[in-house]
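Right, one structure below, let's go through it.
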Amino acid sequence: MDPGTALAVVSLSFDLFASCVRGFTLISDARNIGKDAAIERTKLILQEYRLIEWAKAIGLESPNNDESLGIHNHPAALILFQLEQLLSSTNILKKRYKLELVSPPDDSNVLVLSETTAAPDNPASSILSNIVSSETREGILKRASTLSTVNRLPRRLWWAAVDKKRYAELVKDVAGLIDGLWSLLDITHRVQTSRAVNHTLQLAIQTSQDIKGLRDLQKSLQDSTTDAEITNGLAASAGLKAQHLLLTSNNGHAQQPTQSDDGTNNIVPARLPSILHPSHLGSIHMISSTIGSAQYQGDTVLIEEKRVEPRMKAKLKPRVEALVRLLSQPPTPSFQTFPCLGYTEEQGGFRLVFRFPSSTEKPLSLLSVLSKSSGQLPDVGTRLRLAVQVCQTLLSFHTAGWFHKDVRSENILLVSSPSDQSIDRLGRPYLCGFSFARQGSPTEISEQPSEDLSRDIYRHAKALGEPSEGFERYMDAHSLGCVLIEIAEWTPLRKIVKKRVDISNSNVVKLTDVASLSQWLHNRYVTEGFAAFRLGAAFMKMLALCIPEGDEQSDLADFYSALEGMAACEI
59 MDPGTALAVV SLSFDLFASC VRGFTLISDA RNIGKDAAIE RTKLILQEYR
109 LIEWAKAIGL ESPNNDESLG IHNHPAALIL FQLEQLLSST NILKKRYKLE
159 LVSPPDDSNV LVLSETTAAP DNPASSILSN IVSSETREGI LKRASTLSTV
209 NRLPRRLWWA AVDKKRYAEL VKDVAGLIDG LWSLLDITHR VQTSRAVNHT
259 LQLAIQTSQD IKGLRDLQKS LQDSTTDAEI TNGLAASAGL KAQHLLLTSN
309 NGHAQQPTQS DDGTNNIVPA RLPSILHPSH LGSIHMISST IGSAQYQGDT
359 VLIEEKRVEP RMKAKLKPRV EALVRLLSQP PTPSFQTFPC LGYTEEQGGF
409 RLVFRFPSST EKPLSLLSVL SKSSGQLPDV GTRLRLAVQV CQTLLSFHTA
459 GWFHKDVRSE NILLVSSPSD QSIDRLGRPY LCGFSFARQG SPTEISEQPS
509 EDLSRDIYRH AKALGEPSEG FERYMDAHSL GCVLIEIAEW TPLRKIVKKR
559 VDISNSNVVK LTDVASLSQW LHNRYVTEGF AAFRLGAAFM KMLALCIPEG
609 DEQSDLADFY SALEGMAACE I
């Protein structure tokens, strides 16, 4: 039967949508898929969730909305029909993809919704297994008029044979059809729906304790072509969260990596950090008070000094080792940090040693670039992209459960390659200056940074002097807001606040003066609208979260939502 005739016969819209959900349920819940296909199964579950969110966006949540939507003659109807055929026809699965679904070997008649899809006996369980709840599926299927009572809830089937590559082809084709449905949404609904999906993913990452599941999700998101800027950020967050869990479980030594059939590790082992001998570092040149360059085994490396009081050295060494492990993974587009090679133990503390990207020019700090009195100024698009990249890296760090504690333009290095033909002549921003970074845990010791007005102006009022409370994520966000203001004005913060607090005259500046900067910055850049004037309303929304009115605190979901808005506005 050709699609045109079929569309005239089959009851469309809600019932067709419900049939697609039934097909997703049938395939994603089938047993005997094997561990190697877990990543593809995670992708499939994500596509089901995207389908349901699409249906919500157009109001296709009830059979009663069929006529008002006029979807019968809409291109979406043809896409839904193709999707339903792809997911529900065992013949198509067998002929096109060589995938065969059969009855379970024990001949049981279990309904797929009678138990959770995240059952421990299912080796392909995903941290997204409950992203579409059994109640949601069952509610959709029971409202479908064309599905008989017997066929509404499909029986759990068994994969007789699963070729991972063919299964991946199926998932890719399904994703293409879902993308087609999303492309039919108007821009407003598409943005809102995308934010809803990404918010759910961010919450799943934040709450998950499943290391392998996080790695599977990371790979699934890395392969996604939808909202690449944001999904790359979520992928980085999933990977960092997995690494964070690995470090905190039995001191990071209990989990062993598992290997998929393509030879890649699903879990990165928490190896012991490399302790380097101080004599192996030569030609040390300090760029700032704590950051410098050196020679190590013939290569130029970045070093960060972590000065520690002798009485605190033994207590803080485990944190240094954990930080080295966390930062040892290579950078991603959404988590720009230099890979950490190891650390040296010095008399006055520790030195972290980082690898520079190959074939790169000598990096400059963002502060040094901002301080230049000559040269071409970056346009709005370049500054907005820079702001997005800095926000992405810090949000990924926060999602992993870590605080930076020293975010400022001096700790952001701009790295470019002579062969890089990108329009962003500034290079990519790499976050460094991790000397005070720690895990976000109430049991962690919170070191007090040294008093330095050039640093204090970036700090939250409650992080100044001898803080009465431990460091929190909102304090990092405040420092990020100060850097965003620098990017917007393309001027160092010390010059921006000079009329309010002149740090060049440190003898007369009080901590109360520095503490008052937060409210002044909020009033000028948010209330009076200077941030929107410089880089747009989406940029100002992010800044309002970083430097809010009073003691307001926002959760990570708000920051991710604001980041999406900024990324969507890139010029």
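Using our numbering, the letters of the sequence shown map in sequence onto residues 59 to 629.
Cβ coordinates follow ideal geometry from the N, Cα and C atoms, glycine included.
Using DSSP bridges, identify the partner residues of residue i.
{"i": "residue 200", "result": "Residue 200 pairs with nothing; no bridge assigned."}
{"i": "residue 363", "result": "409"}
{"i": "residue 489", "result": "470"}
{"i": "residue 350", "result": "344, 361"}
{"i": "residue 89", "result": "216"}
{"i": "residue 454", "result": "For residue 454, which the question treats as bridged, DSSP gives no partner whatsoever."}
{"i": "residue 334", "result": "402"}
{"i": "residue 423", "result": "471"}
{"i": "residue 390", "result": "393"}
{"i": "residue 339", "result": "354"}
Looking only at its chain, what residues have a beta carbon closer than 8 Å to the beta carbon of residue i, apart from the 5 residues adjacent to it on each side?
{"i": "residue 216", "result": "88, 89, 90, 159, 160, 161, 162, 163"}
{"i": "residue 615", "result": "257, 260, 261"}
{"i": "residue 549", "result": "428"}
{"i": "residue 61", "result": "Note that residue 61 scores a pLDDT of 42, beneath 50, so its modelled location is shaky and nothing firm can be said."}
{"i": "residue 484", "result": "427, 436, 440, 444, 472, 474"}
Please identify the residue among the options whose C-alpha is closest to the C-alpha of residue i.
{"i": "residue 442", "options": "273, 545, 149", "result": "545"}
{"i": "residue 267", "options": "300, 254, 607", "result": "300"}
{"i": "residue 491", "options": "376, 465, 293, 357", "result": "465"}
{"i": "residue 597", "options": "607, 518, 359, 438", "result": "438"}
{"i": "residue 407", "options": "400, 430, 375, 293", "result": "375"}
{"i": "residue 426", "options": "272, 566, 551", "result": "551"}
{"i": "residue 334", "options": "355, 344, 351, 347", "result": "355"}
{"i": "residue 402", "options": "577, 379, 556, 343", "result": "379"}
{"i": "residue 240", "options": "110, 279, 192, 344", "result": "110"}
{"i": "residue 384", "options": "370, 399, 231, 372", "result": "399"}
{"i": "residue 446", "options": "99, 486, 340, 332", "result": "486"}
{"i": "residue 412", "options": "404, 386, 390", "result": "386"}
{"i": "residue 560", "options": "535, 527, 515", "result": "515"}
{"i": "residue 141", "options": "77, 191, 185, 189", "result": "77"}
{"i": "residue 348", "options": "296, 367, 410", "result": "410"}
{"i": "residue 194", "options": "229, 292, 106, 580", "result": "106"}
{"i": "residue 144", "options": "420, 232, 603", "result": "232"}
{"i": "residue 346", "options": "71, 361, 338, 540", "result": "361"}
{"i": "residue 75", "options": "198, 235, 368, 190", "result": "198"}
{"i": "residue 234", "options": "104, 357, 295, 450", "result": "104"}
Here's a check: name, in chain order, each residue in its chain whose Cβ is nearer than 7 Å to the Cβ of residue i, leaving out the five neighbours to either side.
{"i": "residue 521", "result": "529, 533"}
{"i": "residue 207", "result": "Note that residue 207 scores a pLDDT of 47, beneath 50, so its modelled location is shaky; the value from the coordinates is reported in the next line. Answer for residue 207: no residue qualifies."}
{"i": "residue 404", "result": "336"}
{"i": "residue 100", "result": "184, 186, 274, 275, 278"}
Quick check on the DSSP output: the beta strand (DSSP E) that includes residue i runs from which residue to which?
{"i": "residue 402", "result": "398-404"}
{"i": "residue 160", "result": "158-160"}
If you follow the alpha helix (DSSP H) that residue i is part of, which residue opens it and which one closes it?
{"i": "residue 110", "result": "96-115"}
{"i": "residue 627", "result": "No alpha helix (DSSP H) holds residue 627; DSSP gives it neither H nor E."}
{"i": "residue 585", "result": "Note, residue 585: premise wrong, no alpha helix (DSSP H); not H, not E."}
{"i": "residue 600", "result": "595-604"}
{"i": "residue 544", "result": "531-547"}
{"i": "residue 634", "result": "The displayed coordinates of the chain run from 59 to 629. Any statement about residue 634 would go beyond what the structure contains."}
{"i": "residue 430", "result": "Taken as a continuous stretch (DSSP letters only), residue 430 belongs to no alpha helix (DSSP H), as it is neither H nor E."}
{"i": "residue 514", "result": "511-514"}
{"i": "residue 573", "result": "569-573"}
{"i": "residue 143", "result": "133-146"}
{"i": "residue 484", "result": "Element bounds for residue 484: n/a, residue is neither H nor E."}
{"i": "residue 553", "result": "551-554"}
Please go through the same chain and pick out, in chain order, the residues whose beta-carbon is closer than 6 Å to the beta-carbon of residue i, but skip the five residues on each side of it.
{"i": "residue 423", "result": "468, 471"}
{"i": "residue 247", "result": "115"}
{"i": "residue 242", "result": "134"}
{"i": "residue 452", "result": "538"}
{"i": "residue 588", "result": "582"}
{"i": "residue 611", "result": "532"}
{"i": "residue 340", "result": "353"}
{"i": "residue 592", "result": "546"}
{"i": "residue 175", "result": "In this predicted model, residue 175 has a pLDDT of only 45, less than 50, meaning its place in the structure is not dependable; the value taken from the coordinates is given anyway. Excluding residues within five positions, the ones whose Cβ falls inside 6 Å are 87, 187."}
{"i": "residue 344", "result": "350"}
Any Cβ of chain B within less than 8 Å of the Cβ of residue i?
{"i": "residue 586", "result": "The question asks about chain B, but that chain is absent: this structure has only one protein chain."}
Review point. Considering only residues of the region 204-276, which uninterrupted beta strand (DSSP E) runs meet the minimum length of 3 residues and lie entirely inside it, listed in chain order?
Key: Within the region 204-276, the runs of beta strand (DSSP E) at least 3 residues long that lie entirely inside it are, in chain order, 216-219.
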